[in-house]
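In the numbering used here, the protein residues as written are 21 to 171. Report on the structure given below.
Encoded structure:
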């Protein structure tokens with residue numbers, strides 16, 4: 021009878037550790053991964069619907085690759101963005117980079133042409149927004165950024 025007690029307590033300890041780890045992973049997913057992914061999903065939905073107001077509230081414009089000069093878009097810029105071809109990509113990964121300017125979430129996607137690009141999502145004017153380049157880049161559309169796995 022005494023031999024079963026340590027075995028039973030070690031199994032209970034393992035189950036408790038498993039439950040605590042699952043809760044920690046759920047917390048991490050809910051508060052770390054979900055907000056940037058939800059922002060990209062809303063952006064994709066607004067782009068596919070052609071909703072000018074929604075897109076305008078979900079993007080920030082940057083004129084440089086360093087993303088140090090974010091600004092709110094004009095209605096004309098949003099209309100030009102909506103005229104560009106739009107295709108949803110498949111999300112592959114989410115990476116994060118933090119520096120003294122802020123935290124940048126890279127939502128890595130694969131487009132239908134098998135090229136890898138990233139949405140960049142960052143905090144601007146109190147909420148998460150997708151960063152859109154003011155000028156044409158090497159990516160096929162201005163809301164996607166070139167991405168290498170070493171970023």
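A virtual CB, placed ideally from N, CA and C, is assigned to each residue, including glycine.
**Request:** Kindly identify the DSSP beta-bridge partner or partners of residue 147.
**Result:** In the DSSP output, where bridge partners are listed per residue, residue 147 has 144.
**Prompt:** Can you name the start and end residues of the beta strand (DSSP E) that residue 157 belongs to?
**Reply:** Looking at the DSSP string, residue 157 is not in any beta strand (DSSP E), and its letter there is neither H nor E.
**Message:** At the level of alpha carbons, what is the spacing between residue 90 and residue 35?
**Reply:** In this structure, the alpha-carbon of residue 90 lies about 48 angstroms from that of residue 35.
**Buried/exposed call for residue 22, threshold 16 Cβ in 10 Å** = Interpretation of residue 22 is limited by its pLDDT of 49, a score under 50 that renders its predicted location unreliable; the figure taken from the coordinates is listed afterwards. It is exposed - the Cβ of residue 22 has fewer than 16 other Cβ atoms within 10 Å.
**Item:** Distance between residue 30 and residue 151 (C-alpha atoms, nearest Å)
**Value:** About 50 angstroms.
**Request:** Using only alpha-carbon positions, find the residue among 162, 131 and 136 that is nearest to residue 99.
**Result:** If we check each option's Cα against that of residue 99, 162 comes out closest.
**Asked** Bridge partners of residue 116, per DSSP?
**Response** According to DSSP, which records beta bridges pairwise, residue 116 is partnered with 125.
**Prompt:** Which residue from 141, 111 and 74 puts its Cα closest to that of residue 125?
**Reply:** Of the residues 141, 111 and 74, the one whose Cα lies closest to the Cα of residue 125 is 141.
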